[in-house]
Structures are given as structure tokens and as C-alpha cells.
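Student:
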Amino acid sequence: MLKHFLNNSVHKFSEKTRFFSNTNLYYSTKNLVPVLHDAIYVEKLNINTVVGKNLWNIKTKQRMQVSLQYSTDFTKSSDQDDLSNTLNYAVLSKGIMVHLENNSYDNIFQLNKNLVKYLENNYGSSGKKIDITLDTTLLESHIRTNSVTLRYDTKKGTTIVIKNLRVLTYIGVFTFERLQKQYMDLELHISLKKDFEKEDNELNSVYDKFDIHKLVYSVVNFLESSNFKTVETLVNDTSNVIMAEDKAGIISKTKVKVIKPQAILQCETGVGVSCIRTPENFTLIKKTINKNEPVTQESDFNLPIPATKLPPKGGKFKVYLSLGTNQGDKLANIQTAINFLQKIPEISKILKVSSIYKSMPMYFTDQSQFYNLALSLETTLQPIELLKKLKEIEYDVLHRVKLFDNGPRPIDLDIIYYMHNGKHILVNDPTLIVPHKLMLERGFVLLPLTEILDIDDSVHPVSFEPVQNQLEQIRKENGLDLERVTPLDIGKEIEWHKGKTNIMNIVNVTSDSFSDGSVDPSEFISKLETLKKTVGGNIVDIGGCSTNPKSIEQISEKEEIERINSIINLVDREHFIVSLDSYRINVIENFIEKIDIINDIGFDFYGKVDRLSELLVKYPGKCYILNHVPGNSIHELKKIETSKAKADPKISEIVANDLLKKFNYLLSKGVNASQIILDPGIGFGKKTKENFGLIKNFKKNWNEISNEYKDIPVLFGYSRKRFLNIGDESLTPVERDFEGCILLTEIARQSNVMVRTHNIDLTNRTLAILKKLE
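Terminal number for the sequence shown in the UniProt record's numbering: 774, no gaps in between.
Written out as C-alpha cells, the structure is:
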């Protein structure tokens, strides 16, 4: 049937019918508009001719290649298997070679333009533009690249393509990437506006304004004298360099592609990124340049450290120091060093002091653990002058004896950063290198430093890497063998770290506390004996005045002092760390020599903050618990507790902000951060929902709002309080211990925490179970 149809239907097709060989199927092309779907290719035709100056800056013949895609219609030729109706690519190639080699050109623009005209005149239809893509590639025009191409496309216009451009630069966010420069392979595509050439005589003028030779050198010089953290910045800044060279205003867009050959060793070619930019995206570039000046080779972390020209004498500097000690009374050594720094006339003030951390020794490990911290100060001393003052404190004041490098010492004072007007001062001197040459491999330097670094100072001036990133890398690769400590002046300390929950044991010398308490010294002694035998029983919180909201009147200061006096001397100070639970400054001052911790619910009470600050500065070995309690007196607190109508969903943020202001106030008065423990004031002037919210979110909110001092230790005092009566209002305080243990499971997951408890036995049992679940 089909054969009969085909045989009897041939007469219905016009003479323009096309026929497919070896088939009986016909189709009609009548009324179709011709579309050029065929093409002739010439790939990498090698030619020697004069195209401006070569890589030695000599105007002579140089190797080049021509690639051509010529769109055409060779239907007739394919039908008839005959060359008479198509272009002969052999003739075409020969014609291009002869034409180019018999002429000389001032630049690649001129050559490309001339070749397009030659092709139009010799291989185009009369009055019609040919449809071509033409690449003219110079192989010897520049010493930094073997491929500079000018691409002409009938439809897309002209593009400069520079391939195989290899540069050597510092790039990356990892420490090993900062140890040496890396090769980067670039590919540049520079699209020109379609009307960039209006007349032949304008070509040389355009080339003078847009010199490809100069462009390549500008890109290379910029990249090899800069530091980058990311390839994203590198490609973006390279685009800006190209735009800056466009004095003629002929660029429509750029595409910059970069490959890091050694980034992923399993990748045969490498990995990288590309970006497209237009003149509208162009921005001026400001980069830190590594000048060819002396650099240190002593550190394994070999960063180039050029010397910075110092400002004239008299200018103010901000300096970051690292302090370490592992001999004698370590806390006293630190305080002595700080005191002597404050006595130097050219040091106007100590700006910030970090928390104190305990670290295992590095390099020479057969020695005691260190206390480490960082501080910042303001001075008019030049770097070498300050170094001399620091050495005087080390050797003359604290009598350091240096038997060998990295050995034991009463104090070590290292200059980490030197800054002037917000800019880093780099020092490369035989006696001093700043920034400190080993800081980026030392967690015991970086962790305290991150606590006090201003945001604008957080990027290392040579590696161009945030200090926090480097710290995290050390943490991931080797772990941080550091733990925060609260040193006390009796030679004891409180250690803080994730996985350890410190316990403060409540010992009330009262008759009106809401849960327990007794003014009988024998009961006090009995409780101490029990705690002495119990794990976690070495911190006791002694209170002589109840803050029970149901207490109608507070006892007098005199009676509070008498109650505490009756038992304070019974405490074995060699075993116990003693906390005093009092908001009265006279009571605190009376017992300051006999206690280690001030547990004060009334920071704002009765205008005592200045006396309190002076006391803490005078006794740097005393710890202060900074509570959040609303109101400025115990009576106002009780009013708030009875009048507060509903919970505030933002209570955790409110409390964190309030404590941050008070924390910063204490620091401004000279109190050390390591002296302070935060307490969100669970149960004081807060609704039930607010208390649970604080336990869950306070630490997170503190770390979000505090730019510097993260993970400050926190005390949670929830034990037996009324908000634990969930579902059963009849529970007695003692019966709430079960609910307290459930709360403990949430708190114990957090780092740097302490809980204040009535029942140490249940607390220990809960923590033991949680330990097994880790």
C-alpha cells in the first residue's frame, strides 16, 4: 500500500523536492527560507607573520594560529558530491596563510580586521556579510601566556580571550595554604562593545588605549603582590583590574575564570570559579601588597612579614599582648605583671584583659601547666621600646631565668599585634617580629585573644584570615588542650569546660529559708563533714540572711554578720572553696579575707557598685557572681515578684543585655573577666515560663550579643524553687528535687556551667547517668 502511494504521488511534488538516498521517502522544501546550518572549519592553522612586538618586545615574525568557523549551505554540493558548489577548505586555508604571511600588522586588532575583510571580499556573496567566527591567536606575544586570542563573531562581536595565564600568589583560608604561594591558572574573556571600531584609522588609537601587553602585566603584578582568602575575591578583583585598564571605554563585559591546580589533589586539572562583570560593577581596588622586603624564615608558618614604616614618636598605639606563667604563684605573677604595666608612664591604660586559661606545655612538655591570657593596652611607646619594658618586667621584676627556649618561667610577655589608627604595624627586626611569628599555631594565644579582639582587628594582617578561623582549624585538627579557669588566691581554682558541671552546695545559717537552714553550728559542722567526703562537695555557699520572697522582714546587717561569724572559722579552707551569699556590701567587706566567692543577688542594690568594684580590683583572687535581679533593693524585688502579671517571651535576651552592661561596667573599673561568673537570676522576679526560657536560652543569647567575651561561666540556681511545681502545687521544696534533676539534664549539656543545689547526692547521681549517655 505504501509503495503504491509513493509511486503514484511523485508527480504531486515540485522540482524543489529533496531526495534521501536509498529511501522512497520524499519531503518538500518549497517556500522555506534558507537557513545556514552547515559550516566549514579551519582549526589552528599555523602561520608566521609580524603582529606587533613579540614576548621579547621585538617587532618580528611570530607564531600564531587562525581558527575559522564559516557558516554556509553546502546542500547542492552534498547532493551532487561535487566541490563546485561549496568552499574548498584547502584553498581557503592556503589563501589565509598567503594573505597573512605577505603582510605585517601593528597589532592583533589590525590583523583580525584585515582578515575579516579579506574573507568577505574573496569568499562572501556579493552584497552580503559572511557569517563567521574567527579566532586569531598569538602564541609568542607575551612571556606570561602562550595564548592571546582576538575572536570575531558576526553575531556576537569581538572578544579578547587570554588563556594559560599562570600566576603565583598567596590564597586560601587554611594554614597550609598560607605557608607558601600557589599557582593559579587564569582564563580571561573580555567582550568589546560592537561599535568599538568605527573606522580603520581608529584601530591603532584603540589599541594604544587598550594595550593587551600592558593588561596582562597589570593582572599578573596585581595578583602576585596581593593576598587572597578566596578565589571569589581573586576573580572579582581581577575583573576590576581589567576594567581599570579600559581607558578607551570599549569593554562591555568581562569573564574571569580561575583554577587552583593543587587545591584537590584528586582533580587532574583543579577546581575553581568564574565570574562575569560589567563596567557598572567596576570598583576601585584596595589591596594589601607584600613588598619585596626582608621576611622571617624562622617559623614553620612562613608568612612574609614586611616592615611597616612607623609613625613619628608621640603617636598612640593599641597593642595586644599574650601572657603566660607556670612557676610560683601564677595568679600573683599575672597580677604583678599587669600592675607594673600600669605603672609605665607611656602606657595610658589597660584596655581589656581576657579570661585565664590553663594549657598543657608545648615544645618542651616536661614542665608544669601554664596559665595563659591576653590583654590590650594603649601606649605611646614604639615597638622596640615597649619590648624593652616587657623584658624588664620578665627579668628584673619577676626574675625570670631563661635556661633554654620554651622552658618554665614566672612570666612571659609577648607582643602579638601593634596597631595605629586602626591599621596594623608590621615589625621585622632581629629582636622582634610583629605579628608574633608563632601565634597562628598556638591555641593558648588565639583563644584568649579572640575574647578581647575588637571586630576590626580580627583579621590577621599577613594571612588575611580571621583569627577565629585559625583557632577553629587547630580545634578540628589537634584539639584545644585548654580549659578556662577561675584562679583563687588560696592557690585553688575552678575549672570550666564542656562535660564538667561544677556544683555549689547550699549551706544556710538561717532560720527562715524556704527549704533548709539552721543557726545551730553543730548542724553546720555535720553538713561540712558530709560534703568533705562527697564528690563535688568542695564549693560551699554560706548564707546568713534569707532572700525568701515570703520572708516579711530582712534580718539586720549586725545579725547576719553574727550568724556567719559563728561558723565561718569552722570551714577547712584547705579543702573548701567558700562562697558568701550576701547582697550587703558591709557584710561582704567584713568577710572578704575569709571567702573566695561573692554570691551577690543585689548588684544594683543600695548604690554599692563603686565600693564593690574597688573591692574586686583590690582582691583579684576573689570571684564575683553577677546576678540578674530586678529592682534596686530587696523590698523593690519583692514588689516586682508579687505584681508581675505575665511572662515576657524575650526575657532571655533582656537578661543577657542587662548582664552584659553590668559585666562591661565591672571591666571598665578594672575587674578581670576571669573573676566573674554570670547568673541569670532564676526565680528572682521572674514567671515560671521565663525561668525555663532562661535555663534553655540564656547562654546562647549571651554569646549572640557579646562580641568579645563568649562562653563566660554561668551559675544556675534553680534548686527547690517554686517554679518547679509543674502540675502539682502541693509539692514541698524537698519534693521538687526530682524536677530539679530533670532541669540538670538540660544544663549539663552546656559548657562552663555551675549549679547551686541543696541535694548533692541526687545531683551527682544525675550527672553520673548523663556521663554514661555521652
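Idealized CB from N, CA, C, for every residue including glycine.
Beta-carbon separation of Ser579 and Asp610 under 8 Å?
Tutor: Contact flag unset, no.
Student: For Gln297 and Ile705, I'd like the C-alpha separation in whole angstroms.
Tutor: Because the pLDDT of Gln297 is 33, which lies under 50, any placement of that residue in the model is unreliable, and the number read from its coordinates should be weighed accordingly. Going from the Cα of Gln297 to the Cα of Ile705 covers about 40 Å.
Student: Which of helix, strand or coil does DSSP assign to Pro521?
Tutor: Residue state, collapsed to three classes: helix.
Student: Give a yes or no on whether the C-beta atoms belonging to Asn146 and Asn121 are separated by under 8 Å.
Tutor: Their beta carbons are not under 8 Å apart, which means Asn146 does not touch Asn121 by this criterion.
Student: With distance defined between alpha-carbon atoms, name the residue in Pro408, Phe603, Ser355 and Glu187 nearest to Val216.
Tutor: The residue with the shortest Cα to Cα distance from Val216 is Glu187.
Student: Around the Cβ of Pro294, are there at least 16 other Cβ atoms within 10 angstroms (buried) or fewer (exposed)?
Tutor: Note on Pro294: pLDDT 34, under 50, position unreliable in the model; the coordinate value appears next. Burial call: exposed.
Student: Within 10 Å of its beta-carbon, does Asn759 have 16 or more other beta-carbons around it, so buried, or fewer, so exposed?
Tutor: Asn759 comes out buried.
Student: Tell me whether the segment 329 to 341 and the segment 440 to 448 touch, counting them as touching only if at least three CB pairs, one residue from each stretch, are closer than 8 Å.
Tutor: In short, these stretches do not touch, since the Cβ pair count stays below three.
Student: Kindly indicate which residue of His399, Glu280, Glu493 and Pro630 has the alpha-carbon position closest to the one of Ile682.
Tutor: Closest option to Ile682, Cα to Cα, is Pro630.
Student: Look at the Cβ atom of Ile411, then the Cβ atom of Arg400, and state whether they are nearer than 8 Å.
Tutor: Yes, the Cβ-Cβ distance between Ile411 and Arg400 is below 8 Å.
Student: For Lys352, I'd like the list of residues in its chain whose CB is within less than 6 Å of its CB, leaving aside the five on either flank, ordered along the chain.
Tutor: Cβ neighbours of Lys352 beyond the five flanking positions: Ser376 and Ile452.
Student: Could you give the first and the last residue of the continuous beta strand (DSSP E) run that contains Thr534?
Tutor: Element bounds for Thr534: n/a, residue is neither H nor E.
Student: Quick check on Gln266: buried or exposed, where buried means 16 or more other Cβ atoms within 10 Å of its Cβ?
Tutor: The residue is exposed, with fewer than 16 neighbouring Cβ atoms inside 10 Å.
Student: So, under 8 Å CB-CB, Ser71 and Asp131 are touching, yes? Tell me the CB distance rounded to an integer number of Å.
Tutor: Going by Cβ atoms, the distance from Ser71 to Asp131 rounds to 4 Å, so yes, they are a contact pair.
Student: May I ask you to verify whether the segment 500 to 511 touches the segment 743 to 761, counting CB pairs closer than 8 Å and requiring at least 3?
Tutor: Counting Cβ pairs under 8 Å, three or more are found: they touch.
Student: Please say whether Pro620 and Ile677 have beta carbons closer to each other than 8 Å?
Tutor: Not a contact, by the Cβ cut-off of 8 Å.
Student: Let me know the secondary structure DSSP gives Gly685 once reduced to three states.
Tutor: In the structure shown, Gly685 sits in coil (DSSP, three-state: anything other than H, G, I, E or B).
Student: Assign Asp81 to one of three DSSP states: helix, strand, or coil.
Tutor: The answer is coil: DSSP assigns Asp81 none of H, G, I, E or B.
Student: Mind reading off the beta-carbon distance from Lys532 to His575? Whole number of angstroms is fine, and I expect it under 8 Å.
Tutor: Between His575 and Lys532 the Cβ distance is about 6 Å, and since that is below 8 Å, they are a contact.
Student: Go ahead and pull the three-state DSSP assignment for Phe603.
Tutor: Three-state result, Phe603: coil.
Student: If you count every other CB in all the chains shown that lies within 10 Å of the CB of Val535, and 16 or more means buried, which is it?
Tutor: Exposed is the call here.
Student: Is there contact between the segment 647 to 655 and the segment 690 to 700, where contact requires at least three CB pairs shorter than 8 Å?
Tutor: Judged by Cβ distances under 8 Å, the segment 647 to 655 makes contact with the segment 690 to 700, as three or more pairs qualify.
Student: So is Gln110 buried or exposed if we call it buried at 16+ other beta carbons inside 10 Å?
Tutor: Its Cβ being crowded by 16 or more others within 10 Å, Gln110 is buried.
Student: Using a Cβ distance threshold of 8 Å, determine whether the segment 244 to 258 contacts the segment 487 to 496, with at least three qualifying pairs required.
Tutor: They do not touch, by the three-pair rule.
Student: The beta strand (DSSP E) spanning Ile350 covers which residue range?
Tutor: Run containing Ile350: Ile347 to Val353, per the beta strand (DSSP E) assignment.
Student: Taking only runs of the alpha helix (DSSP H) that begin and end inside the segment 681 to 753, which ones reach a length of at least 4 residues, in chain order?
Tutor: Counting whole runs of 4 or more residues, the segment 681 to 753 contains the alpha helix (DSSP H) stretches 688 to 705 and 737 to 747.
Student: When you measure from the CB of Leu616 to every non-hydrogen atom of the ligand ZN, does any distance come out below 7 Å?
Tutor: The ligand ZN is absent from the structure shown, which contains no ligand whatsoever.
Student: Please name the residue, chosen from Thr169, Glu140, Lys113 and Gly124, that lies closest to Gly157 on a Cα-to-Cα basis.
Tutor: When only C-alpha atoms are compared, the closest one is Lys113.
Student: Ile162 and Phe210 - do their beta-carbons sit closer together than 8 Å?
Tutor: Taking 8 Å as the Cβ cut-off, Phe210 and Ile162 do not qualify as a contacting pair.
Student: Could you give the distance in angstroms between the alpha-carbon of Thr154 and the alpha-carbon of Phe282?
Tutor: If I take the Cα positions, the gap works out to 28 Å.
Student: Let me check understanding here. Comparing Cα to Cα, which of Thr238, Asn697, Lys313 and Leu432 lies closest to Ile276?
Tutor: Of the listed residues, the one whose Cα sits closest to Ile276 is Thr238.
Student: Between Pro461 and Pro430, is the Cβ-Cβ spacing less than 8 Å?
Tutor: Result no, Cβ atoms of Pro461 and Pro430 do not sit closer than 8 Å.
Student: Evaluate contact between the segment 91 to 111 and the segment 43 to 61, counting only Cβ atoms and requiring at least three cross-stretch pairs below 8 Å.
Tutor: As far as the Cβ criterion goes, the segment 91 to 111 touches the segment 43 to 61, which means the pair count is three or higher.
Student: Give the list of continuous alpha helix (DSSP H) stretches no shorter than 4 residues that lie fully inside the segment 253 to 281.
Tutor: You should have found no qualifying run.
Student: Taking C-beta to C-beta, are Ala39 and Gln69 nearer than 8 Å?
Tutor: Cβ atoms of Ala39 and Gln69: closer than 8 Å.
Student: Leaving out five residues before and five after Leu2 in sequence, what residues of the same chain have Cβ atoms less than 7 Å from its Cβ?
Tutor: Note that Leu2 has pLDDT 39, beneath the 50 cutoff, so the model's placement of it is unreliable and the number below is only indicative. No residues qualify anywhere along the chain.
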